[in-house]
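Protein chains in written order, with my numbering: chain A, 95 to 312; chain B, 366 to 569.
Quick reminder that beta carbons are idealized off the backbone N, C-alpha and C, glycines included.
Data first, discussion second: the structure below is written as structure tokens.
This is the structure we're talking about:
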């Protein structure tokens, strides 16, 4: 499996949430790394770059830029790279690895094994292409019955957020099918009888494409 | 990319931690699913099964079966399957997808982009093969300098756990080389009611 030189983070959060993103050059050579932040329409609003020694880490200073609006983040390197994001608010932490084709976290068919009826489920989908993406969402209950279906178009390098209002507060699962490559995050915020407040869980969609692995983005 | 029909969870936690594991048959045909629990030496100590309809979910009743000992869980299905685990204690939740070679979360070279000085980092490796695995750990500081190196052997389907005291409580990164495919979990405990769970990122 080749290592990746391009990572995608569908969200760097606005408002009171504090984001921390660290990337590491995992090659034996010096690497030039560039970080690019975009708004939901895919428009570049900020970028920064840095030269990293082998296995050196870089905490990308994107957070001040995202105070007013959610941004996405793309990190491009001329050598292999891995990364991680933590998004904090009190005891709530949403943690994600950087998504990539090579790591198997970017695809055209993504699956989330859980939706919780009494908690807050929030999703963000990031189109990592230079073409518009048509995205369909299927919500099922735990018995596999389809409860809802809806769709949207995402601009190139744009993102789309939806939540319980769209999914219908179902105890079940969620599938996303796209005609372009996407990465997607789920944010589960606990609330209700059996779930203590102050807890959040972040998950990337699990890729269940049956097609061959798409070629790397150059 | 094919989806796996075998997924691995390196830990079902003992003691006060409450585990919840859910798997879903993501196929259009019914699937016979078996859950197998092993102790840290790789010995089978419990199993259960269920037949799942297309896209039906099963919450595996493994937590109540093993309250006394940390164990691992392997889920084998006739058809493609995905899964997820949440391990709870108060406001601390460790969340993991089920790992598999097909999902690219199993490999012979794993990387964790962060270790935190001052927090509690706990790592757990599961050897998913029937052979002994020889694992080497490299702990580096944030500038890429090697801080500590150590190794161990893991029995077939067995576990190895190591902590801050082993990696040197360093602000940096962690890399694991192994002779057999493994899954690695990191548990980061902030110490104030916050925990984060992460699978090792495969660099194989």
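The region 385-397 of chain B makes contact with the region 406-421 of chain B, as at least three CB pairs between them are under 8 Å. Residues of chain B whose Cβ lies closer than 8 Å to the Cβ of residue 236(A) are, in chain order, 421 and 422. Contact holds between the region 162-178 of chain A and the region 114-125 of chain A, because three or more Cβ pairs, one in each stretch, are under 8 Å apart.
Contact annotation: residue 472(B) and residue 567(B) have beta-carbon atoms nearer than 7 Å. Judged by pairs of C-beta atoms under 8 Å, the region 244-258 of chain A touches the region 221-228 of chain A, as three or more such pairs exist. Contact between the region 424-440 of chain B and the region 271-279 of chain A is absent: fewer than three C-beta pairs spanning the two stretches fall below 8 Å. Closer than 7 Å to the CB of residue 476(B) there is at least one CB belonging to chain A. 180, 185, 187, 189, 191, 197, 198 and 205: these are the residues of the region 180-205 of chain A whose beta carbon lies less than 7 Å from some beta carbon of chain B, given in chain order. By the CB criterion at 7 Å, residue 521(B) and residue 407(B) fall inside the cutoff.
Here the region 504-523 of chain B makes contact with the region 143-161 of chain A; the two share three or more CB pairs at distances below 8 Å. Interface with chain A (7 Å Cβ-Cβ cutoff): residue 538(B) is included.
When Cβ-Cβ separations below 7 Å define contact, residue 102(A) makes no contact with chain B. For residue 490(B), the nearest beta carbon of chain A is not closer than 7 Å to its own beta carbon. Assignment of beta strand (DSSP E) within the region 128-162 of chain A, counting only whole runs of 3 or more residues, yields 138-146 and 151-153 in chain order.
Using a Cβ distance threshold of 7 Å, residue 292(A) and residue 190(A) do not count as a contacting pair. Membership of residue 506(B) in the beta strand (DSSP E) is indicated by the continuous run 498-506. Put simply, the backbone Cα of residue 238(A) is about 33 Å away from that of residue 380(B).
According to DSSP, residue pairing for residue 280(A) in a beta bridge involves 217(A) and 297(A). Cβ neighbours of residue 431(B) within its own chain (closer than 8 Å, five residues either side excluded): 377, 379, 402, 410 and 411. By alpha-carbon distance to residue 515(B), the top candidate from 452(B), 539(B) and 562(B) is 539(B).
DSSP places residue 212(A) in the coil class of the three-state scheme, outside both helix and strand.
Against residue 207(A), the close residues of chain B are 387, 388, 389, 391, 422, 447, 448, 449, 462 and 463, in the order they occur along the chain (beta-carbon pairs closer than 9 Å).
Restricting attention to 211(A), 187(A) and 217(A), the CA atom closest to the CA of residue 111(A) is found in 187(A). Under the three-state reduction of DSSP output, residue 532(B) falls in the helix class. Unbroken beta strand (DSSP E) runs of no fewer than 3 residues, entirely contained in the region 231-289 of chain A, are found at 240-248, 253-257 and 266-283, following chain order.
Between residue 167(A) and residue 118(A), the alpha-carbon positions lie close to 15 Å from each other. When beta bridges are read from the DSSP output, residue 388(B) appears opposite 423(B) and 448(B). Shortest Cα-Cα distance from residue 107(A) to any of 246(A), 300(A) and 279(A) involves 279(A). Distances from the CA of residue 415(B) to each of 480(B), 428(B) and 395(B) were compared; the closest alpha carbon is that of 395(B).
For residue 175(A), the enclosing beta strand (DSSP E) stretches over residues 175-183. Taken through DSSP and simplified to helix, strand or coil, residue 430(B) comes out as coil. Only exposed fits residue 163(A), as fewer than 16 other CB atoms lie within 10 angstroms of its CB.
For residue 219(A), the nearest beta carbon of chain B is not closer than 7 Å to its own beta carbon.
Its chain contains 269, 300 and 302 as the residues whose beta carbon lies nearer than 6 Å to that of residue 205(A), once the 5 sequence neighbours on both sides are disregarded; these appear in chain order.
With its beta carbon at least 7 Å from every one in chain B, residue 124(A) lies outside the interface. Residue 262(A) and residue 242(A) have their C-alpha atoms spaced approximately 8 Å apart.
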